[in-house]
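**Q** Dropping a structure here in structure tokens format, bear with me for questions.
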Amino acid sequence: MFRLDGRTAIVTGAGQNSGTGIASMFAAQGAHVYVNDLLPERAEDVATRLRSAGGSAEALPFDVTDLDAVQAALTDRPIDILVNNAGIAGAEAMQPKPFAETEPSEWSGAISVNLGGVMHCTHTVLPGMIERGHGRIIGIVSGAGTQGVGIGVAAYSAGKGGAAGFLRSVALEVAAVGVTVNSVALGLMDNTGGSGVTDRLARSIPTKRLGTPDDVGALCTYLASDEASWMTAQTIPLAGGSITS
Ligand SMILES: NC(=O)c1ccc[n+]([C@@H]2O[C@H](COP(=O)([O-])OP(=O)(O)OC[C@H]3O[C@@H](n4cnc5c(N)ncnc54)[C@H](O)[C@@H]3O)[C@@H](O)[C@H]2O)c1
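Start counting the sequence shown at 164; every next residue gets the next number (this note's numbering).
Put into structure tokens, the structure is as follows:
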């Protein structure tokens, strides 16, 4: 079940952490995987590792905020599965101060990558999916886009919440032609490889652990599969119980 043989997938921002987890599981399930990242060396490194593990993978680096670059990379490559995983958080997208004290120039990254990048990639691959009568589009969003999470996260919440709303609307436009579109709203992820520095954060999660790249990869593999053909227009929390829908 949930095999992806014969499918071609692209995972954006797959050079580390969750994106690598998704790309790895897709390759293990038989997909040909384009490993995208802004940083070419990260994309190359992950693609090499997937091939070493017996998968079919190629690096395809580009910046999702650059529409010309997205179109150059994807227009002539038939894509069955798009995972919009590239995102920025941290200091690039969040300010350690309330929204009222921010400058508009401080919001641009949170919107251009977390929302604009999703729109660029989706717009570029969607016509081919509609023409072929099959497609899977997945957005990796955040609990920050579905519920308030505190000071400094407003612009990031706007980008992630905007992406989830955008994808739900696109889902309804293409639901009858074999293309499904869903989002996964992640809670706190362990990006340390389980080194233990996140124990304090983990105590705040009902399951007492943070999410892993494999957790995201497994749900995305289901959403990308033929078996998920009746699952569309959803924003699915994946957060160890810390986000309720
Ligand atoms: N880490 C968390 O706790 C958490 C929680 C909720 C949601 N998310 C979301 O999950 C996704 C993955 O998170 P992560 O923690 O693995 O992220 P990460 O920062 O570890 O990795 C993101 C990757 O995306 C790449 N990237 C950044 N901008 C890009 C661009 N413009 N074009 C192409 N690639 C770009 C980066 O180079 C990086 O390799 C993101 O969308 C993030 O917002 C993460």
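Glycine included, each C-beta is placed from N, C-alpha and C at the ideal position.
1) Mind checking whether the beta-carbon of A249 lies closer than 7 Å to any heavy atom of ligand 1?
2) For G302 and N345, what's the separation of their Cα atoms in angstroms?
3) Are the region 321-335 and the region 383-396 in contact at 8 Å, needing three or more beta carbon pairs?
4) Spell out the partners DSSP gives T343 in its beta bridges.
5) If you reduce the DSSP assignment to three classes, tell me which class N180 lands in.
6) On the CB-based measure, 16 or more other CB atoms within 10 Å of its CB, does M164 come out buried or exposed?
7) By a C-beta neighbour count over all protein chains shown, 10 Å radius and 16 as the cutoff for buried, is V316 buried or exposed?
8) So if DSSP puts E390 in a beta bridge, which residue, or which two residues, is it bridged to?
9) Please list, in chain order, all residues of the same chain as A220 whose beta carbon is under 6 Å from its beta carbon, the five residues on each side excluded.
10) Helix, strand or coil: how does DSSP classify G403 here?
11) Thinking N247 and T175 are a contact (beta carbons under 8 Å), I'd like their distance in whole angstroms, please.
12) Around the C-beta of G313, are 16 or more other C-beta atoms found within 10 angstroms, so that it is buried, or is it exposed?
13) Mind checking P261: buried by the 16 CB within 10 Å criterion, or exposed?
14) Looking at the secondary structure, which residues open and close the beta strand (DSSP E) in which I244 lies?
15) Have a look at A263 and G306 and give me their C-alpha separation to the nearest angstrom.
16) How about the region 317-331 and the region 273-287: do they share at least three Cβ pairs that are nearer than 8 Å?
17) Using a Cβ-Cβ cutoff of less than 6 Å, which residues in the same chain neighbour A273 once the five nearest sequence positions on both sides are dropped?
18) So who's on the other strand from E221, going by DSSP bridges?
19) Measuring straight from C-alpha to C-alpha, what distance separates T265 and G253?
20) Could you tell me the boundaries of the alpha helix (DSSP H) in which V337 lies?
21) Return yes when at least one heavy atom of ligand 1 lies under 7 Å from the C-beta of T175, else no.
22) Rounded to the nearest angstrom, what separates V288 and A235 at their Cα positions?
23) Hey, quick one: how far does the alpha helix (DSSP H) through I274 stretch, first residue to last?
**A** Quick answer:
1) yes
2) 6 Å
3) yes
4) R299
5) helix
6) exposed
7) buried
8) Paired residues: none, contrary to the question.
9) A190, V196, V198, A210, L213 and R214
10) coil
11) 6 Å
12) exposed
13) exposed
14) I244 to N247
15) 22 Å
16) yes
17) A256, A318, Y319 and G322
18) Y197
19) 15 Å
20) A317 to V337
21) yes
22) 11 Å
23) S271 to I274
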